[in-house]
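J.: Quick note, the sequences are listed as chains G and Z, same order. Start counting the first sequence at 1; every next residue gets the next number (the numbering used here). Start counting the second sequence at 1; every next residue gets the next number (the numbering used here). For each residue, glycine too, the CB sits at the ideal point set by N, CA and C.
Number of protein chains: 2
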Amino acid sequence: MKSRINVITIGVNNLEKSLAFYREGLGLPSNGIVATEYHDEVSGADGTIAMFELQNGLLLSLYPRTELAKDANQKIGKESSTEFSLGYLTDTKEEVDALLKQAKSAGATITDEPRERPWGIYSGYFKDLDGHLWEVIWR
Amino acid sequence: MKSRINVITIGVNNLEKSLAFYREGLGLPSNGIVATEYHDEVSGADGTIAMFELQNGLLLSLYPRTELAKDANQKIGKESSTEFSLGYLTDTKEEVDALLKQAKSAGATITDEPRERPWGIYSGYFKDLDGHLWEVIWR
Chain G
1 MKSRINVITI
11 GVNNLEKSLA
21 FYREGLGLPS
31 NGIVATEYHD
41 EVSGADGTIA
51 MFELQNGLLL
61 SLYPRTELAK
71 DANQKIGKES
81 STEFSLGYLT
91 DTKEEVDALL
101 KQAKSAGATI
111 TDEPRERPWG
121 IYSGYFKDLD
131 GHLWEVIWR
Chain Z
1 MKSRINVITI
11 GVNNLEKSLA
21 FYREGLGLPS
31 NGIVATEYHD
41 EVSGADGTIA
51 MFELQNGLLL
61 SLYPRTELAK
71 DANQKIGKES
81 STEFSLGYLT
91 DTKEEVDALL
101 KQAKSAGATI
111 TDEPRERPWG
121 IYSGYFKDLD
131 GHLWEVIWR
């Protein structure tokens, strides 16, 4: 296995609302909801997703939990914030505070206010509309 | 917000076992468990993690669910496979099959065998020791 991850797909409850949070609220560029024409007869999953192109071709994809469950052949789990977090590095300390404020304005919940942590970073956490954690980090 | 994610942190139950799965089982390079000297008096979280450097400086980090919960100021959720998936693009179709076999040998569970999907990819899913989904994709 090569040392790479090409796509991060997060399961969401409402694709339109989550797209608005990430695109309008946080300002990430996206072509909006796509692949609505696809339906998988085998699993019953729809292809409908929204994607954001990040650095170096890395993709962030929003996909309804219901469809991820069908596509991966899994039962839908209960929302849980301790399955993963996404880390965003800022260029300045002030950006940590500003981005958390922006996320809150966009409808996110701040779970831990920015502060110095003993492992040499200044960071805070928010969770998105579906409870997914983001840690905003300056180091 | 810039279009970037720098770190993907996944919550695990047993750091040693998950490190072995990803390092020995899947072959991702890591310096092993680090930051064991750090403890956060504010949250009670330990810093102990294991990291894998992926392409272009992207980091994959394994962090105990208990500590992620403390660090982000959240309750520990129940394991759920529909919170997210990580997508890995292969260079050939055969690599999809081979990587899923390798993951299974390493202790992963294949949740959906590789097959053509109507949105133009050939892919299958496995979940790691903690139920985190990976989709292995050729397109």
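1. As an exercise, report each continuous alpha helix (DSSP H) stretch of at least 4 residues that is fully enclosed by the segment 89-122 of chain Z, in chain order.
2. Is the Cβ of K17 of chain G closer than 8 angstroms to any Cβ of chain Z?
3. At the level of alpha carbons, what is the spacing between N81 of chain G and E16 of chain Z?
4. Going by DSSP, what residue range makes up the alpha helix (DSSP H) through E16 of chain G?
5. Starting from the Cα of I33 of chain Z, find the closest Cα among Z:G47, Z:R115 and Z:D40 and give me that residue.
6. Taking 8 angstroms as the threshold (C-beta atoms), are L54 of chain G and I5 of chain Z in contact?
7. Going by the beta-carbon positions, is the gap between G124 of chain Z and L100 of chain Z smaller than 8 angstroms?
8. Helix, strand or coil, according to DSSP, for N31 of chain G in the structure here?
9. Using three-state DSSP, classify G77 of chain G as helix, strand or coil.
10. Is there a Cβ of chain G sitting closer than 8 angstroms to that of M1 of chain Z, yes or no?
11. Kindly indicate which residue of Z:K2, Z:T111 and Z:N13 has the alpha-carbon position closest to the one of Q74 of chain G.
12. Can you check whether the C-beta of I10 of chain G is within less than 8 angstroms of a C-beta belonging to chain Z?
13. Rounding to the nearest angstrom, what Cα-Cα distance links N31 of chain G and T66 of chain G in this structure?
14. Would you call G87 of chain G buried or exposed, if buried means 16 or more other Cβ atoms sit within 10 Å of its Cβ?
T.: A quick look at the data gives this:
1. For the segment 89-122 of chain Z, the continuous alpha helix (DSSP H) assignments of 4+ residues that do not extend past its boundaries occur at 93-105, in sequence order.
2. Looking up residue 17 of chain G in the first sequence gives position 17. It does not: the Cβ of K17 of chain G has no partner Cβ on chain Z nearer than 8 angstroms.
3. If you number the first sequence from 1, residue 81 of chain G lands on position 81. If you number the second sequence from 1, residue 16 of chain Z lands on position 16. Position check: residue 81 of chain G holds Ser in this sequence, whereas Asn was assumed. Using only the alpha carbons, I get a separation of about 22 angstroms.
4. Indexing the first sequence from 1 puts residue 16 of chain G at position 16. L15 to A20 is the extent of the alpha helix (DSSP H) around E16 of chain G.
5. Looking up residue 33 of chain Z in the second sequence gives position 33. If we check each option's Cα against that of I33 of chain Z, Z:G47 comes out closest.
6. Your numbering for residue 5 of chain Z matches position 5 in the second sequence. Your numbering for residue 54 of chain G matches position 54 in the first sequence. Contact flag set, yes.
7. Locating residue 124 of chain Z in the second sequence gives position 124, counting from the first residue. Locating residue 100 of chain Z in the second sequence gives position 100, counting from the first residue. Closer than 8 angstroms, so yes.
8. Taking the first sequence and counting its residues from 1, the one referred to as residue 31 of chain G is at position 31. Note: N31 of chain G maps to strand in three-state DSSP.
9. The residue you call residue 77 of chain G lines up with position 77 of the first sequence. Note: G77 of chain G maps to coil in three-state DSSP.
10. Here residue 1 of chain Z refers to the residue found at position 1 when the second sequence is read from its first residue. Yes, M1 of chain Z lies at the interface with chain G (some Cβ there is under 8 angstroms from its Cβ).
11. Your numbering for residue 74 of chain G matches position 74 in the first sequence. If we check each option's Cα against that of Q74 of chain G, Z:T111 comes out closest.
12. Translated into the one-based positions of the first sequence, residue 10 of chain G becomes position 10. Closer than 8 angstroms to some Cβ of chain Z, the Cβ of I10 of chain G qualifies, so yes.
13. The residue given as residue 31 of chain G occupies position 31 in the first sequence. The residue given as residue 66 of chain G occupies position 66 in the first sequence. A straight-line Cα-Cα distance of about 22 angstroms links N31 of chain G and T66 of chain G.
14. Locating residue 87 of chain G in the first sequence gives position 87, counting from the first residue. By the neighbour-count rule (16 or more Cβ atoms within 10 Å), G87 of chain G is buried.
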